[in-house]
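Chains as they are written, first to last, in the numbering used here: chain A, 1 to 346; chain B, 1001 to 1346; chain C, 2001 to 2346; chain D, 3001 to 3346.
4 protein chains.
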Amino acid sequence: MIKIGIIGATGYAGAECIRILSGHPGFDVSCVVSKTFEGQKISDVYPNLAGLCDLVCEALDYDAIIAKADCFITALPHAASQNAVHQLITAGKKVVDLSADYRYSSSSLYTDTYGLPHKYPELLEQAVYGIPELNRDIIKNAGLVANPGCYPTCAILGIAPLLVNDLIEFDSINISAVSGVSGAGRKATLSYSYCETDGDFAPYKITGHRHTTEIEEQLSILSRKTVIIGFTPHLAPFKRGMSATIYTHAKTTLSTDKLIDIYNVYYKDDVFIRIKEGGAIPSVKAVAGTNFADITPVYDERLKRIIVVSAIDNLGKGAASQAVQNLNLMYGYTETDGLLRAGLYI
Amino acid sequence: MIKIGIIGATGYAGAECIRILSGHPGFDVSCVVSKTFEGQKISDVYPNLAGLCDLVCEALDYDAIIAKADCFITALPHAASQNAVHQLITAGKKVVDLSADYRYSSSSLYTDTYGLPHKYPELLEQAVYGIPELNRDIIKNAGLVANPGCYPTCAILGIAPLLVNDLIEFDSINISAVSGVSGAGRKATLSYSYCETDGDFAPYKITGHRHTTEIEEQLSILSRKTVIIGFTPHLAPFKRGMSATIYTHAKTTLSTDKLIDIYNVYYKDDVFIRIKEGGAIPSVKAVAGTNFADITPVYDERLKRIIVVSAIDNLGKGAASQAVQNLNLMYGYTETDGLLRAGLYI
Amino acid sequence: MIKIGIIGATGYAGAECIRILSGHPGFDVSCVVSKTFEGQKISDVYPNLAGLCDLVCEALDYDAIIAKADCFITALPHAASQNAVHQLITAGKKVVDLSADYRYSSSSLYTDTYGLPHKYPELLEQAVYGIPELNRDIIKNAGLVANPGCYPTCAILGIAPLLVNDLIEFDSINISAVSGVSGAGRKATLSYSYCETDGDFAPYKITGHRHTTEIEEQLSILSRKTVIIGFTPHLAPFKRGMSATIYTHAKTTLSTDKLIDIYNVYYKDDVFIRIKEGGAIPSVKAVAGTNFADITPVYDERLKRIIVVSAIDNLGKGAASQAVQNLNLMYGYTETDGLLRAGLYI
Amino acid sequence: MIKIGIIGATGYAGAECIRILSGHPGFDVSCVVSKTFEGQKISDVYPNLAGLCDLVCEALDYDAIIAKADCFITALPHAASQNAVHQLITAGKKVVDLSADYRYSSSSLYTDTYGLPHKYPELLEQAVYGIPELNRDIIKNAGLVANPGCYPTCAILGIAPLLVNDLIEFDSINISAVSGVSGAGRKATLSYSYCETDGDFAPYKITGHRHTTEIEEQLSILSRKTVIIGFTPHLAPFKRGMSATIYTHAKTTLSTDKLIDIYNVYYKDDVFIRIKEGGAIPSVKAVAGTNFADITPVYDERLKRIIVVSAIDNLGKGAASQAVQNLNLMYGYTETDGLLRAGLYI
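What follows is the structure, encoded as C-alpha cells:
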C-alpha cells in the first residue's frame, strides 16, 4: 500500500480525496493536515467518514508529516501551495497539487492571472497538467502533477475533439458554465449560506474569471494555435456538479451523428468519458460523486454551430477523483482503481 | 370592480393570477375554470389561497361563464386557447391569453413553430403582443392581448436597448437561459418529480425551442431587420425564476458604465425594470414572486462583446403579473396597481 | 401615515418587516438601523426591496433616530434589546420588540433561561405578550409589545384550545417541531452554509431549548396550572416556515370532527388562523410568506391521543408579520391591514 | 461470482441494489426485470449506471429469468411480491424481498395491516426478518429474507437497546420520524413533483401508517411483551435519508453517558451502527448513500425521558444496502463486503 498524505484535508476537495481513497485497493491515507481542525478527528468534521477514516488532523509541520507518507495531495488555496509543493518535492515526495499554482507553463501567465509572482518557476516546468485523457503518458512519469481546475476540466474535455479535428472557428468558442455551490469551498460566507443560495441563480465574474486563461492555454497547446475564449460561470443551487454549454461555429456542414462518431473515436480508450447518444443530454446528477465526464455534441443546422454539453462533478473529475486517477497513473496501478463506482443519482 | 374570469385556473400561471388579483384594488376574480378540479374549491387545490379566494372550480361552459366576468385570462395550453379566445372575444369580452396561440403576427410562423394551423387568423391580426414596456400604448386599446412567453419576455427586455440603439451585430445574439421547474407547468411527470430534479442541471431542447421564433419576430419588429438568434434553455433546481445570459458582439468600443446609462435612459419610465449598477448582478431570487425584471449590461473589453444578464420570475413578469400589468393598462388603471410588492427574497 | 423605525433592519426578521410594511396602507418605514451595513442602501443588501424601500442604513444613534419615527420595531439579538427598548420607551415611543428580552412575566425566569440579569424589570411588567389571538385587547393599549418566539407562536396556537377546554392531561404535551434555516438568522456560519444544510435533517438542542420556558409560561397562564412540556426542535432544508407536531394524551374519548369543531369555535374571530378540515394537513408552503397559522387536530383512537399539527412562517406569524399585526392593533387599524396576502405556494 | 437477478429494477430501491452490487466483489447482477422499461437499457433509465451496468430490462417471465440468476432481489410493491417470491422459492432460488409481503410472522397481522389475504402463509413462516444486527444467525441460513421497511429499520435499531435492557416504560414509545422524498418511490405523482415538494414540510398518515404494526411486532418479539407505539411520519424536502426522534419514558434515573455506554455494548459487533458521542447528533447527510445507522440516546433529566435519535438512508440501510448485507450473510461472505464506503456528505 502506498501511503498518501492529504494537506488541506478538511476542505471539500481534501475530504473528497479521503472519501475516495478510503475505498482504494492500493492507497492508504496515512496523514491528514488541517490548520483549522488540528487535534480533531477528521471523522468529527466529516461524520460520513466515521469508521472509515478516523485520523486526527495535524498541523502543517513538514518534518513530522514527510515521514508519514510516500506521496501527498495538496488541497490548499493558490499561493499557499507554491511553497508546500516545493517543500514536499524537495523532500523527494511525489505530489498532486489541487491548487492553480502549478497549472501554467509559464510564471508570467500565472502572475497575470493570479497577481502573484511565482517563487519556483523551475518546478513549474516540471509540473504536468493532470488531465489523463490528454496527458496520460507524461503523467505516468511525473513527480508533480498540477490537477486541473474544475471549469477547465469540464470545458477542455468538451472542446478537445473539435479543435484536434479542426472542426470549428478558433475564435468562436463561448463557454457558458454552471457550478454547484461546493465550488466555492468550505467556508463561513454569508453569500453561500443556505438562505442566500437556495432558490437563486445568477452568473458571477461575467468576464475575467481566472479559469479563462487556464482553459485558453490548454486549448492552445492542443490545437497549436492561440485560442481565445469567452467564459462566463454561473452559480446554481445544488451542491455538487458542473455543466458547461459550449457554443462554437462549425467550419463545415456536419451532423450530430457524425459529431458523436468523432467524439467516440477521440475518447475510445477513456473509460471515464461517456459520450451521450440518441438525444440523451449530460446532466449533473448522472456524474455527481464520480470521476465520469458525460459529454455530447449537437450540430445546429440552422446556425451552423456546434454546441457541446459537458458535465462533471466539480469535486470529482473536477478535483479529487481526477487526483486519484492521476495517482493511479503515477504509481502504475490500473487507471480505474478505486474509481469505477456509480454515482448516487438519487 | 372589474370582474375577471380565469380559465385554466389550477395551472401554475392561472393560480398565480388569482394570487395576485386577490390583493388588487380594481379587479375581482369572479369565476375560476378548471376541467381537472371541477367542483373543488380552488383553495383546496392551492391551500395558500384559503380565506382569500375560495371559489369553486367550474367546467368550461361558455354560456355559464361569460355572464360571470367582464374580462378573461386564458391560461390554457397552446392549441386549446385558439378556440377559447375566439369564443370569448366573439362574446364581447376582453381577453389576456397566456398561451402561444396569439403571439405571432402571421399564422404561417405560428404553424411553422407549433405544427398546427391557426383557425382564427383575423384574430391574430387584432392581438397585441403584451410587453407593456415596448407596446404600452397599443395595449391600452387592445381587446386581445397575447401575453408573451417567459423566455421571450426575459430575453427581449434584455436585448431591446442594444438593438434599438444599434449597438450590436444583428447576427451575433446568443441567449443561454435558465428556468426554474415551474416553467414546466403543474403536472404529474416523472422527469419533474422532486427526486429526479433536485440537485440536477442540464440544458434541454439545445436547438429549436419554440420560443426562438417568438423572440426573433419581436426583435425583428423592434430593429426593423431580420434578427436570427441562438437560444438554448436549461433547467435548474429552483421553483420560480428565470435568468438569461445574453452574449452579443459590439459594433463599437463601449464601456459598462456607458451601457448602463443607455439602459437607464431606455427604461426611464418603466417602474418594473430595474437596471443593476455598481457590479450588482441580477439574480432570480431578487425578482421571484414579483413583476420586476432586473437587468444589467456588461462590456467585455477583451472580446468586444456585450453580455446582458436579465432575470425575471417566469410565473410573474413571465406570465401572471405581466398579465395583470396588461389588464391595468387595458382598464385604465395605474400600471402598477396590485403589483408593487417586494418579493420574499428569503 | 405612522412612521416606523426598524432597528436591526438587515437581519431576516427586520428585512421581512420592511418587506411587509412597504405595502401597508397606514405605516411608512422612515428609518432603518443596521450596524453592519451602515451607509449602504437597504435595497443593496436586500435586492428584492429595490424601488420599494431604498433607505440608507444608519447607526444606532438614539438622538438621531428618535426624531425620525413614531414607533420602533427592535429586531436585535436578546440582551441587546434590553437597553434599546428602554431607551425608546423612555423617549415616549411605542415599541414592538422581536427579541426574547421582554417575553417573560418575571425577570427570574428570564435569567434562568438566558443566563442574564434583566436590567429593566419594571418594563418587563409593562410588556404585553404579543399573540393577538390570545391577547388582542391588552395589545391595543400596549406601549411595549414583546413579540413571541417562532416556536412558541406555532406551539401555543396549536395547544391553546386543548388546554382552555380541558381536553388533555396537563403533563402530557410533547412538541416535536421543525424549523426552516432562516430561523438561525442571517449570519456567516459554516453549519448553515448551503453545502452543509441542503439535503440534511436533524434535531438540535434535543432538550433544553430556550423556547421551552416561554411556551410553558404562556400555557400555564392560559390554563391557570403549571404546564411542563417536552420540546425538541429540528432543522430541515427549507428557507421559511415551521411545523409543530404536538403529541398529547386526551382526557376523554373524542373524535377528529369534534376537535375540529372545538378549534373552529375557539378561533372563530381570528382571520389568520385557518383550521384545516377533511383530512387536509397544515404544511409549511401554504403559510410561507404570510401571517397565517394553519392548524389541525387529529384524534388517535387507538392510543387515546390528540395530535395537533400547526404550521406558520417562522419569519411571518413567527416574527415580522405578527409584529405588524400587533402594530395594527396598537394604532387602531384594522387587524388585517397590509397582511391579507396569499403566500407564493410555488 | 453469485449471479443476482433484480425484479423491479427501475424503482429507486431496485436501482440502488444495482448501484451497490456493481461494485461488489462477490455478486454480479445478471438480470434486471422491469415491466415499464422492458427493452431499454437500465443505464438509459439511470444514467449514473452507464458503463457499470448496461443490461437491458426484461419482462417478468419466470422461465426466462430463473435460469439467469442464483438469487433474486424482489423490489416490487406489496401484494405483487407474494406470488413473485413464491415462484422463485419454488424454483429453488434464494430471495431477498423488499416488499412488506413477508415481514409479518402471521398472515392475520399482514391482512389487518394491508387489507389483503396472504396466499402463502407457509412461506411466511419460513421468511426471516432481515435486520442483521438482530437476526444475524438465522439470516445466514435463510432461503427467504423479508427485508424490513425503512421506518421500522430506523426505529427498531434506535429502540432495541432500551427494550432489551428494560430501561423504559413499554407503553411510552412515541416515534416522530421524517423521510426524504425517495421514500415515496419512483412515480409520476403530482404531490411529489419538484414544485409541490421543495420548500415544504408536513406530517402524513398522522395515525395508522402501515409500518406501525411492523415496528410493534418486532419490538414485541425483542422484548417478549406486547409493545404498542405511537408513530407519525413526516415528509421533508430532501431526496435520501430518514431520521427518527424517539420519545420514551425512563424507568429509572440515568444519564446520557450511561446510555451511550449501553448502546456501545449492545452494538459492539455491528460495524454499520455508529453511536454518536460527545454531543454529536445523527443527521441524514452523514448516512446518505450508505448502510450505516447513526444513533444516539439522550437522557432528559427534567422530564425523566430518554430521547433517541436514529438516522439511516431510507434507500440504503432502509432498503437496498441492507438487502446486500443480508445477501452477504446468506452467501457466507464477509458481512461488510461491498458496503464499507463513505457517503458523499456534500
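The beta-carbon is built from N, C-alpha and C at its ideal position, and this holds for glycine as well.
Since the model is a prediction, treat every value here as computed from it, not as a measurement.
- Message: Shorter than 6 Å, the distance from the beta carbon of residue 3154 of chain D to the closest heavy atom of the ligand MN, or not?
- Response: Among the components of this structure there are no ligands whatsoever, and the ligand MN is therefore not found.
For chain D, check one thing: does any of its Cβ atoms lie closer than 7 Å to the Cβ of residue 347 of chain A? What the structure shows of chain A is the stretch from 1 to 346, and residue 347 of chain A is not part of that stretch, so it cannot be assessed.
Output needed in chain order: residues of the region 3231-3250 of chain D with a Cβ under 9 Å from some Cβ in chain A. Of all residues in the region 3231-3250 of chain D, 3239, 3240 have a Cβ within less than 9 Å of some Cβ in chain A.
Practice prompt. Pick out whichever of A:311, A:150, A:48, A:128 has its Cα sitting closest to the Cα of residue 275 of chain A.
Written response: Of the candidates A:311, A:150, A:48, A:128, the residue whose Cα lies closest to the Cα of residue 275 of chain A is A:311.
Roughly how many whole angstroms lie between the Cα atoms of residue 192 of chain A and residue 2190 of chain C? Rounded to the nearest whole angstrom, the C-alpha separation of residue 192 of chain A and residue 2190 of chain C is 9 Å.
Proximal chain B residues relative to residue 284 of chain A, where beta-carbon distance stays under 8 Å: In chain order: 1199, 1200, 1201, 1202.
Self-check item: residue 3105 of chain D versus D:3285, D:3120, D:3271, D:3083, residue with shortest Cα-Cα distance
Solution: Nearest of D:3285, D:3120, D:3271, D:3083 to residue 3105 of chain D, Cα basis: D:3120.
Within a Cβ cutoff of 6 Å, which residues of the same chain sit near residue 1284 of chain B, ignoring the five residues on either side of it in sequence? Short of 6 Å from the beta carbon of residue 1284 of chain B, and not among the five residues preceding or following it, lie these beta carbons of its own chain, in chain order: 1241, 1243, 1311.
Item checked: Enclosing alpha helix (DSSP H) for residue 2261 of chain C [first to last residue] -> Residue 2261 of chain C -> alpha helix (DSSP H) spans 2256-2266.
Could you work out which residues of chain A lie near residue 2179 of chain C, taking near to mean beta carbons separated by less than 7 Å? At a C-beta separation below 7 Å, residue 2179 of chain C has no neighbours in chain A, since its nearest C-beta there lies roughly 12 Å away.
> In or out: residue 3288 of chain D buried (at least 16 other Cβ within 10 Å) or exposed?
Replying inline: Residue 3288 of chain D should be labelled buried.
Would DSSP call residue 323 of chain A helix, strand or coil?
Under the three-state reduction of DSSP output, residue 323 of chain A falls in the helix class.
### Message
For the beta strand (DSSP E) containing residue 3094 of chain D, name the first residue and the last one.
### Response
Here the beta strand (DSSP E) through residue 3094 of chain D covers 3094-3097.
Q. How would you call residue 2245 of chain C, buried or exposed, if buried means at least 16 neighbouring beta carbons within 10 angstroms?
A. Buried is the call here.
Short-range partners of chain D found in the region 49-61 of chain A, where Cβ spacing is below 8 Å: From the region 49-61 of chain A, only 49, 50, 51, 52, 53 have a Cβ closer than 8 Å to chain D.
Q) Could you give the residue range of the beta strand (DSSP E) that holds residue 3168 of chain D? A) Looking at the DSSP string, residue 3168 of chain D is not in any beta strand (DSSP E), and its letter there is neither H nor E.
Under a Cβ-count criterion, where at least 16 other Cβ atoms within 10 Å of its own Cβ denotes burial, should residue 203 of chain A be classed as buried or exposed?
Residue 203 of chain A comes out buried.
Reduced DSSP category for residue 2161 of chain C - H, G, I as helix; E, B as strand; rest coil
Residue 2161 of chain C falls in the helix class under three-state DSSP.
> Quick one, which residues of the region 3262-3293 of chain D are near chain A if we go by CB-CB under 9 Å, in chain order?
Replying inline: Taking 9 Å as the Cβ-Cβ cut-off against chain A, the residues of the region 3262-3293 of chain D that qualify are 3271, 3272, 3274, 3276, 3278, 3280, 3282, 3283, 3285, 3286, 3287, 3288, 3289, 3290, 3292.
**Message:** If you reduce the DSSP assignment to three classes, tell me which class residue 123 of chain A lands in.
**Reply:** Taken through DSSP and simplified to helix, strand or coil, residue 123 of chain A comes out as helix.
Residues from the region 1159-1171 of chain B in contact with chain A, defined by Cβ distance under 7 Å: Listed by position along the chain: nothing, the set is empty.
Determine the closest residue to residue 2208 of chain C out of C:2232, C:2165, C:2306, C:2277, with distance taken between C-alpha atoms. The shortest Cα separation from residue 2208 of chain C among C:2232, C:2165, C:2306, C:2277 belongs to C:2232.
Worksheet entry | Cβ-based burial, residue 269 of chain A [other Cβ within 10 Å; buried from 16] | Residue 269 of chain A is exposed by the Cβ-count criterion.
Would you kindly work out how many angstroms separate the C-alpha atoms of residue 3078 of chain D and residue 3129 of chain D, rounded to a whole number?
-> Spanning the two alpha carbons is a distance of roughly 16 Å.
Check your understanding: Do residue 170 of chain A and residue 227 of chain A have their C-beta atoms within less than 7 Å of each other?
Key -> Contact flag set, yes.
Quiz item: With burial defined as no fewer than 16 other Cβ atoms inside 10 Å of the residue's Cβ, what is the status of residue 3063 of chain D: buried or exposed?
Solution: Flag for residue 3063 of chain D reads exposed.
(request) Determine, using beta carbons only, whether residue 3324 of chain D comes closer than 7 Å to chain C. (result) Residue 3324 of chain D does not count as touching chain C.
**Message:** Suppose the cutoff is 8 Å on Cβ atoms and the five residues either side in sequence are ignored; what does the same chain contact list for residue 2018 of chain C look like?
**Reply:** Cβ-Cβ distances below 8 Å link residue 2018 of chain C to 2006, 2009, 2029, 2032, 2042, 2046, 2049, 2053 in the same chain, with the five nearest sequence neighbours on each side left out; the list follows chain order.
Inset, instruction - Could you check if residue 3141 of chain D is buried or exposed, using at least 16 other CB atoms within 10 Å of its CB as the buried criterion? - result: Here residue 3141 of chain D is exposed. Its C-beta has fewer than 16 other C-beta atoms within 10 Å.
Nearest-angstrom Cβ-Cβ length linking residue 1107 of chain B and residue 1124 of chain B, presumed shorter than 8 Å:
Residue 1107 of chain B to residue 1124 of chain B, Cβ: 6 Å. Contact.
Nearest by alpha-carbon distance to residue 253 of chain A: which of A:126, A:113, A:168, A:88 is it? The residue from A:126, A:113, A:168, A:88 with its alpha-carbon nearest to that of residue 253 of chain A is A:168.
request  = Answer yes or no: does any C-beta atom of chain C fall closer than 7 Å to that of residue 3123 of chain D?
outcome  = Interface annotation, residue 3123 of chain D: not in contact with chain C, CB-CB separation never under 7 Å.
Is the CB of residue 154 of chain A under 7 Å away from at least one CB in chain B?
Residue contact with chain B for residue 154 of chain A: absent (no Cβ-Cβ distance below 7 Å to any residue of chain B).
Q: Figure out for me which residue from A:69, A:67, A:40 has the closest Cα to the Cα of residue 56 of chain A.
A: The option with the nearest alpha carbon to residue 56 of chain A is A:40.
Legend entry - Beta-carbon proximity check, residue 195 of chain A vs residue 1346 of chain B, cutoff 7 Å: Result yes, Cβ atoms of residue 195 of chain A and residue 1346 of chain B sit closer than 7 Å.
**Request:** Closer than 8 Å by C-beta to residue 1260 of chain B: which residues in its own chain qualify, once you throw out the five before and the five after it? Chain order, please.
**Result:** If you ignore the 5 residues before and after residue 1260 of chain B, its C-beta comes within less than 8 Å of the C-beta of 1275, 1277, 1296, 1297, all in its own chain and listed in chain order.
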